[in-house]
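Notes follow the structure.
Protein chains: 2
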Amino acid sequence: MAYERGDNPPAGDGVVEPVSLASVGSFEHDADVVIVGFGCAGAAAAFEAASAGADVLVLERFSGAGGSSAQSGGEIYLGGGTSVQKACGFIDTPEDMFDYLEAALGPHADTEKLRLYCEGSVEHFEWLCARGVPFQESLYAEPAWMAPTEDGLMWLGEDAWPFSTLARPVPRGHRPPVAGYGGGLLMDKLVGAATEAGARCHTDTRAAALVVDESGRVAGVVARRFGETVRYRARKAVVLTTGGFVDNERMLADHAPVLLGHGKVSDGGDDGRGILMATALGAATRRMASVEAALTVTPAMACRGILVNALGQRFTSEDGYPGRFSHAALGQPAPWWLILDEEGFAAASAGAPPEHVAETLAELEQELGMPPGVLEMSVHLYNRHAARGEDPLFHKDAKWLRELKGPFAAVDPRVAARFVENRREATGISGFTLGGLHTTVDGQVLHVSGRPIAGLFAAGRASSGIHGDGYVSGTSLGDGTFFGRRAGWSAAEPSH
Amino acid sequence: MAYERGDNPPAGDGVVEPVSLASVGSFEHDADVVIVGFGCAGAAAAFEAASAGADVLVLERFSGAGGSSAQSGGEIYLGGGTSVQKACGFIDTPEDMFDYLEAALGPHADTEKLRLYCEGSVEHFEWLCARGVPFQESLYAEPAWMAPTEDGLMWLGEDAWPFSTLARPVPRGHRPPVAGYGGGLLMDKLVGAATEAGARCHTDTRAAALVVDESGRVAGVVARRFGETVRYRARKAVVLTTGGFVDNERMLADHAPVLLGHGKVSDGGDDGRGILMATALGAATRRMASVEAALTVTPAMACRGILVNALGQRFTSEDGYPGRFSHAALGQPAPWWLILDEEGFAAASAGAPPEHVAETLAELEQELGMPPGVLEMSVHLYNRHAARGEDPLFHKDAKWLRELKGPFAAVDPRVAARFVENRREATGISGFTLGGLHTTVDGQVLHVSGRPIAGLFAAGRASSGIHGDGYVSGTSLGDGTFFGRRAGWSAAEPSH
Chain A
1 MAYERGDNPP AGDGVVEPVS LASVGSFEHD ADVVIVGFGC AGAAAAFEAA SAGADVLVLE
61 RFSGAGGSSA QSGGEIYLGG GTSVQKACGF IDTPEDMFDY LEAALGPHAD TEKLRLYCEG
121 SVEHFEWLCA RGVPFQESLY AEPAWMAPTE DGLMWLGEDA WPFSTLARPV PRGHRPPVAG
181 YGGGLLMDKL VGAATEAGAR CHTDTRAAAL VVDESGRVAG VVARRFGETV RYRARKAVVL
241 TTGGFVDNER MLADHAPVLL GHGKVSDGGD DGRGILMATA LGAATRRMAS VEAALTVTPA
301 MACRGILVNA LGQRFTSEDG YPGRFSHAAL GQPAPWWLIL DEEGFAAASA GAPPEHVAET
361 LAELEQELGM PPGVLEMSVH LYNRHAARGE DPLFHKDAKW LRELKGPFAA VDPRVAARFV
421 ENRREATGIS GFTLGGLHTT VDGQVLHVSG RPIAGLFAAG RASSGIHGDG YVSGTSLGDG
481 TFFGRRAGWS AAEPSH
Chain B
1 MAYERGDNPP AGDGVVEPVS LASVGSFEHD ADVVIVGFGC AGAAAAFEAA SAGADVLVLE
61 RFSGAGGSSA QSGGEIYLGG GTSVQKACGF IDTPEDMFDY LEAALGPHAD TEKLRLYCEG
121 SVEHFEWLCA RGVPFQESLY AEPAWMAPTE DGLMWLGEDA WPFSTLARPV PRGHRPPVAG
181 YGGGLLMDKL VGAATEAGAR CHTDTRAAAL VVDESGRVAG VVARRFGETV RYRARKAVVL
241 TTGGFVDNER MLADHAPVLL GHGKVSDGGD DGRGILMATA LGAATRRMAS VEAALTVTPA
301 MACRGILVNA LGQRFTSEDG YPGRFSHAAL GQPAPWWLIL DEEGFAAASA GAPPEHVAET
361 LAELEQELGM PPGVLEMSVH LYNRHAARGE DPLFHKDAKW LRELKGPFAA VDPRVAARFV
421 ENRREATGIS GFTLGGLHTT VDGQVLHVSG RPIAGLFAAG RASSGIHGDG YVSGTSLGDG
481 TFFGRRAGWS AAEPSH
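From first to last, the protein sequence lines are chains A and B.
Going by the UniProt record's numbering, the first residue of the first sequence is number 1, and it counts up by one from there.
Going by the UniProt record's numbering, the first residue of the second sequence is number 1, and it counts up by one from there.
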């Protein structure tokens with residue numbers, strides 16, 4: 001097989017074919033387990049493999065560890081009765097956790113992975129604590145993308161319809177004590193733990209291809225480092241924890257075009273490399289079109305108003321986990337607007353003034369370029385039902401329901417997104433990919449034929465995890481670390 | 001490599017690994033070009049390869065040729081100035097055809113394939129005529145899924161907004177002279193032409209795996225016939241024309257879950273086999289989540305009423321190509337309803353009485369289990385604009401706009417679907433998959449790395465064709481035969 005092929009690869013720069021072990025000859029480095037990518041899944045796998053006695057080497061394309069995980073909010077979806085939940089006065093069980101996630105991550109969540117994830121969640125929480133990840137025993141109760149406090153627990157949609165009717169509503173968003181983005185602290189602890197357990201790391205080292213022996217077993221990785229080719233022998237296994245593919249425009253076009261043009265939630269390195277390296281060997285993928293999506297609105301504001309599409313139609317509840325209304329927005333005519341009145345705006349205390357204000361809805365419709373009458377009808381209907389404390393369309397909780405009264409304001413998610421993303425073309429939506437390699441619950445990568453590919457493991461967003469069509473914050477750091485650990489154990493065992 | 005592996009394959013029954021040429025030993029049969037599947041793409045490829053002088057053998061899993069194509073409506077999307085278009089008084093150009101299809105099959109249609117498809121359309125029409133496919137020189141002008149007449153031309157959304165503003169509106173649905181389903185006649189002619197050109201066919205022969213030589217070139221097919229393994233040597237190439245994967249529940253769950261539970265438009269053999277056989281070698285796929293979807297409503301009735309979601313909200317125009325409002329329905333809360341008044345029902349002359357009738361919209365809302373007031377508002381808004389000949393929400397053509405007056409009727413697409421699909425659980429939607437193997441315009445299957453896989457071609461719904469997110473009737477028989485022919489030429493050439 002050729003070493004590097006394809007002047008015009010369909011799937012991104014630098015993608016190469018699998019390399020035969022015989023053609024490699026000698027290796028510059030070797031280890032029992034070679035892990036590709038030092039985000040949350042890679043760190044968890046590295047810790048467990050090293051703790052099991054394996055000699056572990058992590059390859060990281062950037063100059064430091066952390067990956068997209070380090071730039072995230074740092075929420076981890078945990079439950080079933082953690083000490084933080086108990087201290088905050090909540091009773092939780094793995095069954096309630098499962099019932100919520102199966103619905104919220106569905107339809108078509110991976111129930112086998114999800115069952116393990118929920119049953120093992122308290123143990124996983126304790127594992128994180130033992131790695132030094134701190135969690136304060138206090139609840140942040142307001143709807144939010146990220147808590148602006150150091151509270152250790154937050155709601156992630158559990159108390160909103162229809163989920164509140166399916167499982168006992170209990171908050172499960174566990175977070176390090178950082179106001180805002182906590183992913184950096186989380187990854188400091190996990191990378192530190194992996195390093196302390198003995199895992200080595202080569203930074204600035206970008207994996208390019210898998211090495212395969214004549215039986216088809218994965219035996220190493222060919223990488224590039226400062227323009228040089230470096231070969232790594234993996235005596236036991238290779239673990240791909242390279243992240244998703246939101247940064248690979250070609251893969252997005254081929255597999256998840258719904259995110260084309262929208263903002264990217266990543267560290268810039270989510271180019272799908274691990275997925276490509278494995279599918280080049282015949283690895284199976286799952287749910288490559290599934291995405292996380294976030295509308296750039298303030299949840300505490302959204303629940304006090306109504307979200308409407310470009311026509312002025314309401315299409316979602318505005319409370320609960322904000323990713324849920326964001327995902328719904330993707331299927332609606334853009335642009336999307338948050339309509340508020342003065343009382344709602346004041347109550348949300350969000351600061352920046354709204355982009356459009358008008359005395360009447362007819363004026364606001366005209367200003368927003370909506371067809372006449374639709375927004376007026378939407379608000380009229382909302383008010384009619386809200387007056388009775390009801391929302392028969394989308395079942396927003398009664399505590400947020402109140403008749404909206406003029407003057408009215410329209411918040412444009414594109415304006416905030418321009419600021420966050422620093423680009424004029426911001427759509428108001430940003431996201432990342434959820435689909436990836438099809439793996440067993442132990443992280444073994446499956447071939448299209450159904451057999452595991454010997455010596456090859458994956459976890460995190462390079463794999464398809466617990467998700468179906470839906471998403472909840474903390475389930476990516478959650479399944480990345482949970483199944484990253486399992487992949488690490490399995491990779492360190494000589495039996496695979 | 002093992003011959004048959006995986007007790008629990010993730011991707012359907014009987015999927016096997018690629019087989020090395022060395023391990024096969026002898027072959028029961030050989031040909032220059034082995035084509036897998038005798039639907040429209042297989043027939044077109046077989047004709048061209050045989051006409052180019054190649055010895056061609058087609059493997060067909062069922063007892064007779066035709067595939068899902070033979071059970072289809074038989075519409076073929078053709079234009080650019082065919083003799084049928086001219087005889088019906090329409091002026092068309094490849095540019096107008098391209099502009100329409102790029103928009104209607106998009107966003108993200110394959111513009112390179114589409115350009116060739118439109119530029120070659122008149123020649124392709126003439127090729128079909130030369131193969132004996134008859135087309136009457138008359139237009140069926142009513143909106144319909146399939147014309148109930150022998151007319152040779154029909155509209156497929158070209159005259160509806162926004163397309164009518166993007167390209168000169170010209171009908172391009174070409175069809176054989178059969179009232180209703182014309183796919184059987186079409187396939188009789190194409191299979192006959194391929195056979196007459198010299199292509200042989202083995203029926204009851206189900207391909208199971210590709211044979212690969214030591215250079216990685218595809219060199220044959222291993223198939224199953226009445227429980228026996230039969231080996232086919234392909235001296236020049238293998239062409240996969242096995243159809244999509246709507247009949248493979250596991251592949252649907254992994255790649256296109258939006259169709260799970262809905263009706264299947266297929267002959268029962270669209271199990272994704274060709275896609276699996278090739279991806280097992282590292283072949284790239286594209287747009288595996290894209291689907292065609294059809295709501296079981298009568299288009300001539302739909303355009304005279306309004307389509308609403310489970311809440312009573314309107315979400316689409318009701319005229320134009322009916323697949324367009326069907327696809328929109330997939331993204332809306334189900335069940336979906338067609339709301340009509342007496343005048344609309346009488347004008348559509350559709351026969352069967354509607355399932356629900358009420359004097360007032362409030363009564364109808366209650367009967368349909370809708371939240372109170374929404375349907376009433378939807379009709380009120382529709383009427384307010386229709387009175388002025390406008391539909392500022394979805395731009396239905398003025399010729400269909402009229403104030404709706406009670407009594408009102410609701411048509412339930414599930415009822416008709418139960419009859420069509422013969423199952424109680426019918427959802428009102430049926431469809432098939434559009435995604436598949438990533439091919440060049442000459443039908444070469446691309447590896448994930450970007451290089452063509454030597455000796456391997458694909459066309460029809462086993463490949464990703466001209467489509468992006470959208471679909472129009474006739475583009476599947478259209479791109480299947482058009483790119484099937486190109487694959488046949490290429491496969492017959494010894495250079496690949």
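Glycine included, each C-beta is placed from N, C-alpha and C at the ideal position.
Beta-carbon within less than 6 Å of residue i's beta-carbon, same chain only, minus the 5 sequence neighbours each way: which residues are those?
i	result
residue 297 of chain A	338, 413
residue 305 of chain A	338, 339, 340, 344
Which residues of chain A have a Cβ atom closer than 9 Å to the Cβ of residue i, listed in chain order?
i	result
residue 134 of chain B	Going along chain A, no residue has its Cβ under 9 Å from residue 134 of chain B, so there is no contact; the nearest lies around 39 Å.
residue 392 of chain B	311, 370, 371, 372, 373, 374
residue 456 of chain B	Chain A residues near residue 456 of chain B: none, gap ~14 Å exceeds 9 Å.
Once you ignore the five residues that flank residue i on each side, which residues in its own chain have a CB closer than 8 Å to its CB?
i	result
residue 279 of chain A	285, 437
residue 199 of chain B	35, 46, 47, 49, 50, 56, 57, 58
residue 363 of chain A	none
residue 325 of chain A	295, 302, 307, 316, 317, 318
Is residue i helix, strand or coil by DSSP?
i	result
residue 295 of chain A	strand
residue 129 of chain A	helix
residue 499 of chain B	In the structure as shown, chain B starts at 1 and stops at 496, and residue 499 of chain B therefore has no counterpart that could be examined.
residue 344 of chain B	helix
residue 154 of chain B	strand
residue 201 of chain A	strand
residue 498 of chain A	Residue 498 of chain A lies beyond the residue range present for chain A, which begins at 1 and ends at 496; the question has no answer from this structure.
residue 466 of chain A	coil
residue 396 of chain A	coil
residue 290 of chain A	coil
residue 304 of chain A	coil
residue 281 of chain B	coil
Would you grab the beta carbon distance between residue i and residue j for me? Rounded to a whole angstrom, and I think it's under 8 Å.
i	j	result
residue 69 of chain A	residue 39 of chain A	4 Å
residue 323 of chain B	residue 471 of chain B	5 Å
residue 435 of chain B	residue 476 of chain B	Between residue 476 of chain B and residue 435 of chain B the Cβ distance is about 12 Å, and since that is not below 8 Å, they are no contact.
residue 291 of chain A	residue 468 of chain A	Rounded, the Cβ-Cβ distance is 12 Å, inconsistent with contact.
Is the CB of residue i under 9 Å away from at least one CB in chain B?
i	result
residue 496 of chain A	Low confidence applies to residue 496 of chain A: its pLDDT is 49, below 50, so where it sits in the model is not reliable, and the reading given next is rough at best. Closer than 9 Å: no.
residue 285 of chain A	yes
residue 18 of chain A	yes
residue 331 of chain A	yes
residue 451 of chain A	yes
residue 282 of chain A	yes
residue 97 of chain A	no
residue 522 of chain A	With chain A covering 1 to 496 only, the question about residue 522 of chain A has no answer from this structure.
residue 3 of chain A	Any answer about residue 3 of chain A is weak, because its pLDDT of 27 lies below 50 and its placement is not dependable; what the coordinates show is given next. Not closer than 9 Å to any Cβ of chain B, the Cβ of residue 3 of chain A fails to qualify, so no.
For residue i, would you say it is in contact with chain A, using Cβ-to-Cβ distances shorter than 9 Å as the test?
i	result
residue 381 of chain B	yes
residue 448 of chain B	yes
residue 262 of chain B	no
residue 438 of chain B	yes
Apart from the five residues on each side of it in sequence, which residues of its chain come closer than 7 Å, Cβ to Cβ, to residue i?
i	result
residue 311 of chain B	333, 370, 371, 374
residue 185 of chain A	74, 176, 178
residue 223 of chain A	59, 205, 206, 207, 208, 230, 232
residue 173 of chain A	75, 77, 153, 154, 155, 156, 473, 474
residue 133 of chain B	176, 186, 189
By the criterion of Cβ-Cβ separation under 7 Å, what are the contact partners of residue i in chain B?
i	result
residue 253 of chain A	108
Give me the chain B residues within the contact set of residue i, using Cβ-Cβ distance strictly less than 8 Å, ordered along the chain.
i	result
residue 257 of chain A	107, 108, 287, 468, 469
residue 384 of chain A	373
Mind pulling the chain A residues with CB within less than 7 Å of residue i?
i	result
residue 279 of chain B	282, 448
residue 276 of chain B	448
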